[in-house]
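Report on one structure; see the data block that follows.
Numbering (our numbering), first residue to last: 18 to 402.
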């Protein structure tokens with residue numbers, strides 16, 4: 018495999034469509050069923066749907082259009098907006114597609130629109146615009162020079178890219194480091210995009226781990242030029258449902274609903290019934306994340322300290338990243354020393370080429386198994402020093 022990071026560049030169709038090479042690499046490793054999985058980007062949590070639904074799961078699929086509450090209204094109530102500002106989708110990845118379709122305007126002379134996309138990033142965030150007749154340019158977030166705290170932006174570099182762009186796509190709680198924006202960087206992005214007439218599409222599948230704190234600031238609150246994308250997948254541990262949503266101004270939301278119906282038709286009624294059942298209880302998952310952080314993170318901190326590895330711990334979420342000793346290649350580490358110890362983690366090269374010596378680890382599993390996993394990760398780290 019030549020590279021695993023996302024592809025930037027010109028729009029693609031047909032045989033020119035880029036693979037999602039991260040998944041080409043990752044899915045076979047998942048299938049190996051290594052005992053100690055630190056690669057999850059979301060909470061591992063088992064929901065008791067039969068209790069929540071007060072019925073057997075086998076009954077959920079029998080009624081195509083049952084009489085159940087409106088999902089858009091349920092989401093709107095949780096996020097303090099009107100239902101006209103909500104469009105539901107089959108997960109966050111589709112929501113990114115739909116959001117871009119809903120806000121990008123045709124360029125004169127059939128020129129491709131340019132979308133600035135934050136890097137590092139999960140490949141579908143970067144490569145979605147390429148399928149929709151857009152070209153992309155990266156805008157970087159860099160590790161802090163002092164080694165601790167939020168990853169930062171270079172405003173002059175961003176301004177040069179934004180002046181060429183129609184849309185900016187970002188992931189505030191950045192994958193793989195887990196850090197949200199430094200406050201002045203965030204405000205500069207919001208103000209600059211507004212001044213330039215740029216729409217911001219914010220992939221917010223991780224930020225609900227901050228919900229209930231003063232730091233919780235979804236982008237849809239920042240003006241009509243901002244779109245929030247979220248789902249039940251990461252923070253709420255419900256990836257199999259493929260249930261996501263867009264929060265935007267009512268004109269963009271109307272466009273999004275039209276695009277969704279055109280591409281997907283109706284949302285499956287079993288998905289809606291399951292999502293509606295879990296929504297009143299979503300804070301249980303956020304409390305579980307807090308619990309895992311309190312129990313699991315000290316174990317990780319202590320191990321990294323023993324190995325003299327610098328650790329820039331994000332204040333929220335379920336994952337973080339660190340640089341391997343001696344700039345060791347993280348893919349070789351995961352496929353070598355980690356595999357030998359039945360550990361799976363995520364190489365930083367999944368997100369950007371400059372992160373080839375970084376490793377992402379998650380603390381989203383139950384504490385006893387996590388403690389065992391960290392001991393085996395330590396054995397792998399010792400073997401490369």
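Even for Gly, the Cβ is constructed at its ideal location relative to N, Cα and C.
Could you give the distance in angstroms between the alpha-carbon of residue 245 and the alpha-carbon of residue 258? 19 Å
Label residue 220 either buried or exposed according to how many other C-beta atoms from any shown protein chain fall within 10 Å of its C-beta, with 16 as the threshold for buried. buried
Apart from the five residues on each side of it in sequence, which residues of its chain come closer than 6 Å, Cβ to Cβ, to residue 272? 119
With 16 other CB atoms within 10 Å as the buried threshold, where does residue 393 fall? buried
Should residue 224 go down as buried or exposed, given a rule of 16 or more other Cβ atoms within 10 Å for buried? buried
Is it the case that the Cβ atoms of residue 364 and residue 402 are separated by a distance below 8 Å? no
Give the C-beta separation of residue 32 and residue 293 to the nearest angstrom, bearing in mind that I take them to be a contact with Cβ-Cβ under 8 Å. Their Cβ separation, rounded to whole angstroms, is 41 Å, which puts residue 32 and residue 293 out of contact at 8 Å.
From which residue to which residue does the beta strand (DSSP E) around residue 406 run? In this structure the chain extends from 18 to 402, so residue 406 is not present and cannot be described.
For the region 231-285, which segments carrying the alpha helix (DSSP H) assignment without a break, of at least 4 residues, lie completely within its bounds, in sequence order? 267-281
Figure out for me which residue from 139, 308, 290 and 109 has the closest Cα to the Cα of residue 226. 308
Less than 8 Å between the beta carbons of residue 377 and residue 160, yes or no? no
Determine the contact status of residue 209 and residue 176, defining contact as a CB-CB distance below 8 Å. yes
Report back the beta-carbon spacing between residue 329 and residue 387 to the nearest angstrom; my notes put them in contact at under 8 Å. Contact flag wrong, Cβ pair sits at about 19 Å.
In its own chain, which residues sit with a C-beta less than 7 Å from the C-beta of residue 155, not counting the 5 before and 5 after it? 25, 134 and 136
Coil, strand or helix - residue 205 by DSSP: helix
Judging by CA-CA distance, which residue of 337, 281, 380 and 295 is the nearest neighbour of residue 311? 380
Put residue 189 into one of helix, strand or coil per three-state DSSP. coil
List in chain order: all unbroken alpha helix (DSSP H) runs of 4+ residues lying wholly within the region 106-144. 108-120
How big is the Cα-Cα spacing for residue 248 and residue 73? 25 Å
Enumerated in chain order, which unbroken segments of the beta strand (DSSP E) with a length of 3 residues or greater are wholly contained in the region 28-89? none
Are residue 103 and residue 264 touching if we call contact CB-CB under 8 Å? yes
From 110, 70, 348 and 267, residue whose alpha carbon lies closest to that of residue 99: 267
Between the CA atoms of residue 197 and residue 302 - distance to the nearest angstrom: 20 Å
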